[in-house]
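Contents: one structure, followed by commentary.
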Amino acid sequence: MLHTKLEINNLVFTYNKGASFEKKALDNVNLKIGAGEFMGLIGCTGSGKSTLIQQFNALLKPESGNVLLDGTDIHADKSRLKEVRRKVGLVFQYPEQQLFEETVAKDVAFGPKNLGLPAEEIEERVKWALDMVGLTPEMGEQSPFDLSGGQKRRAAIAGVLAMKPEVLVLDEPAAGLDPVGRDEILMKIREMHKRTGITIILVSHSMEDVARLVERIAVINGGRIVMDDIPAAVFSRAPELEQMGLSAPQAALLAQELQKRGFRLRDGLYTVEDVVAAVAQELSVNKGLNHK
Amino acid sequence: MKIIEADKVCFSYRIAGADGAEETLAPAVRELSLDIGEGEFVAVLGRNGSGKSTFAKLINALLTPSAGQLNVSGYSTAGEEHIWNIRQTAGMVFQNPDNQIVATIVEEDVAFGPENLGVPTAEIRARVDEALATVGMGDYALHSPHFLSGGQKQRVCIAGVLAMKPRIIILDEPTAMLDPIGRREVLAAVSRLNRQEGMTVLLITHYMEEAVMADRVVVMDKGAAVLQGTPGEVFLHGPLLRELGLNLPQITEIGARLAECGLPVKPGILTINEMADELCSILNSK
Chain F
1 MLHTKLEINN LVFTYNKGAS FEKKALDNVN LKIGAGEFMG LIGCTGSGKS
51 TLIQQFNALL KPESGNVLLD GTDIHADKSR LKEVRRKVGL VFQYPEQQLF
101 EETVAKDVAF GPKNLGLPAE EIEERVKWAL DMVGLTPEMG EQSPFDLSGG
151 QKRRAAIAGV LAMKPEVLVL DEPAAGLDPV GRDEILMKIR EMHKRTGITI
201 ILVSHSMEDV ARLVERIAVI NGGRIVMDDI PAAVFSRAPE LEQMGLSAPQ
251 AALLAQELQK RGFRLRDGLY TVEDVVAAVA QELSVNKGLN HK
Chain X
1 MKIIEADKVC FSYRIAGADG AEETLAPAVR ELSLDIGEGE FVAVLGRNGS
51 GKSTFAKLIN ALLTPSAGQL NVSGYSTAGE EHIWNIRQTA GMVFQNPDNQ
101 IVATIVEEDV AFGPENLGVP TAEIRARVDE ALATVGMGDY ALHSPHFLSG
151 GQKQRVCIAG VLAMKPRIII LDEPTAMLDP IGRREVLAAV SRLNRQEGMT
201 VLLITHYMEE AVMADRVVVM DKGAAVLQGT PGEVFLHGPL LRELGLNLPQ
251 ITEIGARLAE CGLPVKPGIL TINEMADELC SILNSK
């Protein structure tokens, strides 16, 4: 078992506690995230996922229960909150709206500068962070506003990476991008995970995107974690997902429909590649068709 | 009958030069020619920066062409005189519902448009009720929009446009910020508007699966329409779409790859059921 990086225990959180608008957003959430894990967090609007990720870096405080980072309660010592927020980097939706500096490099340098790091170290980090998200040093010298939508998004992610977080939480990193922009950003995130071993939590409404990247999926519904398993197991429960306002990737739904109609496919197929391979094999074996 | 006629429409954004340098022009739409018939459901695809949203704003006369001719229900968008007719004819729904809701009660928000048009009170009441019913939000008329889900909010925005009795509704990535159920709700409402009410729909989207619902798909690149046809026709062009920054719906992609494996899968299949039918017939064929 991996070293547990982030651990959520019996977490309860209510908005407007005691007021007439009181709303319980998190209801006894338990979740363990291993160091270096790549986890997906899915749930419909209002399910509590944004509230939960804000608990990860102490932007919100639990009503009861706790959040442990490397085994220590993040709220135990107020003077350590800054460190917690550096270690757990949150990239909000549409982060490019927060770009403000004259050049991309200056924008990425903003966080490390605030940490009071020496100039060489800042420069080193900026170079590294831009490289991680696939932006060239030349792009670093451009105004953020001269970049394309996908590039701007990646510049904003670089700004969080430059803080060298140990846990990176990405909220809808591909929303609003065209398919190739989506691919680029998701592949960069996957590569970054492989190269750095950073713990990543990906929040997304796109089941297709989640399916391509993560090793494990936690499903949150009505403030509770209702599923926590490998993608194959989660996506094989498509009707339950639909009831929660979610869905399974189209490829998974096709595989399940074919199974119903008598195709002998193994359970838990959910990517285009795996469905194609399994269907091709089933059809070729059955029909003796030529198949490269 | 044609409701939108675009003939070699051009538009460039003016970029102010830094430090006193001269302003430059950034062309966004170049010689775009495209006709849309009344009652048609057209999906517009294209990578970020391909000119889709600029085209939408041109139709609504938020922008006017720098060259070429654009008519909306017979009125040229170039002059000032028909601008209100055009805006009433072509209603727009944007990506983020939170930026479009102005009132604190759902029905008041929907009434905002017709009120500004000077519609008599009794008729506003009727229009608001009808519009909310059309998008399936009638039960929420007296709710506060802030407590609705994303899909519900976006449907309120659509109702707000419907209450102005447009003949065409333009949706610019209306589902980009929504969860799967929100997307399903919005798309069902849009589809119903088109099929049952005969409303002309222009849907701009980055989701290939959504384009499948349209009668016609138009692919834009560098400000021009470079590929169009029924969804089945357009999604035959996998490699070209990829070059244009797009991709295939997952089901169509699976079909294309199975065909590459030498299986006789008919190209351009779009839905799960059709694909399952096709694969079953291959399985059962002699």
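Chains as they are written, first to last, in the numbering used here: chain F, 1 to 292; chain X, 1 to 286. For each residue, glycine too, the CB sits at the ideal point set by N, CA and C. Model, not experiment: these values are computed from the prediction.
Asked: DSSP three-state call for Cys280 (chain X): helix, strand or coil?; Found: helix
Asked: Check whether the Cβ atoms of Gly74 (chain X) and Gly198 (chain X) sit closer than 8 Å, and answer yes or no.; Found: no
Asked: Check whether chain X comes within 8 Å of Met207 (chain F), counting only Cβ atoms and requiring the distance to be less than that.; Found: yes
Asked: If you draw a straight line from the C-alpha of Gly268 (chain F) to the C-alpha of Arg183 (chain X), how long is it?; Found: 25 Å
Asked: For Gly49 (chain X), which residues in chain F fall below 8 Å Cβ to Cβ?; Found: Ser148 and Gly149
Asked: Using a Cβ-Cβ cut-off of 7 Å (strictly less than) and excluding sequence neighbours within five positions of Asn96 (chain X), which residues of its own chain qualify?; Found: Met177
Asked: Taking buried to mean at least 16 other C-beta atoms within 10 Å of its own C-beta, is Val285 (chain F) buried or exposed?; Found: exposed
Asked: So with CB distances below 7 Å, who are the chain X contacts of Arg261 (chain F)?; Found: Ala276 and Cys280
Asked: For Ile169 (chain X), would you say it is in contact with chain F, using Cβ-to-Cβ distances shorter than 8 Å as the test?; Found: no
Asked: One question on the structure: do Val212 (chain X) and Pro231 (chain X) come within less than 8 Å of each other, judged by their Cβ atoms?; Found: yes
Asked: With burial defined as no fewer than 16 other Cβ atoms inside 10 Å of the residue's Cβ, what is the status of Phe145 (chain F): buried or exposed?; Found: exposed
Asked: To the nearest whole angstrom, what separates the beta carbons of Val190 (chain X) and Ala163 (chain X), a pair I think is in contact under 8 Å?; Found: With a Cβ gap of about 16 Å, Val190 (chain X) and Ala163 (chain X) do not count as contacting.
Asked: What are the start and end residues of the alpha helix (DSSP H) that includes Gln256 (chain F)?; Found: Gln250 to Lys260
Asked: Examine the Cβ distances between the region 176 to 193 of chain F and the region 114 to 130 of chain F and report whether three or more of them are shorter than 8 Å.; Found: no
Asked: I want to see whether chain X comes within less than 8 Å of His291 (chain F), judged by CB atoms only; does it?; Found: Because His291 (chain F) sits at a pLDDT of 46, beneath the cut-off of 50, its placement in the model cannot be relied upon, and the following sentence gives the value as read from the coordinates. Taking Cβ atoms only, chain X reaches closer than 8 Å to His291 (chain F), which makes this a yes.
Asked: Going residue by residue through the region 71 to 108 of chain F, where are the continuous beta strand (DSSP E) segments of at least 3 residues, counting only ones entirely within it?; Found: 88 to 91
Asked: Can you pull the chain F residues whose beta carbon is under 9 Å from the beta carbon of Ala245 (chain X), in chain order?; Found: Per the sequence presented here, residue 245 (chain X) reads as Gly, with Ala not at that position. Those are Asp178, Pro179, Val180 and Gly181, listed as they occur along chain F.
Asked: Using a beta-carbon distance below 8 Å, is Ile3 (chain X) in contact with chain F?; Found: no
Asked: Measure the C-alpha to C-alpha separation of Met208 (chain X) and Asn247 (chain X) and round it to an integer number of angstroms.; Found: 7 Å
Asked: Helix, strand or coil for Gln69 (chain X) per DSSP?; Found: strand
Asked: Using a beta-carbon distance below 8 Å, is Leu117 (chain F) in contact with chain X?; Found: no
Asked: With a 10 Å radius around its C-beta and 16 neighbouring C-beta atoms as the bar for buried, classify Ala105 (chain F) as buried or exposed.; Found: buried
Asked: With three or more beta-carbon pairs closer than 8 Å as the criterion, would you say the region 147 to 158 of chain X touches the region 75 to 84 of chain X?; Found: no
Asked: Can you tell me whether Tyr13 (chain X) is helix, strand or coil according to DSSP?; Found: strand
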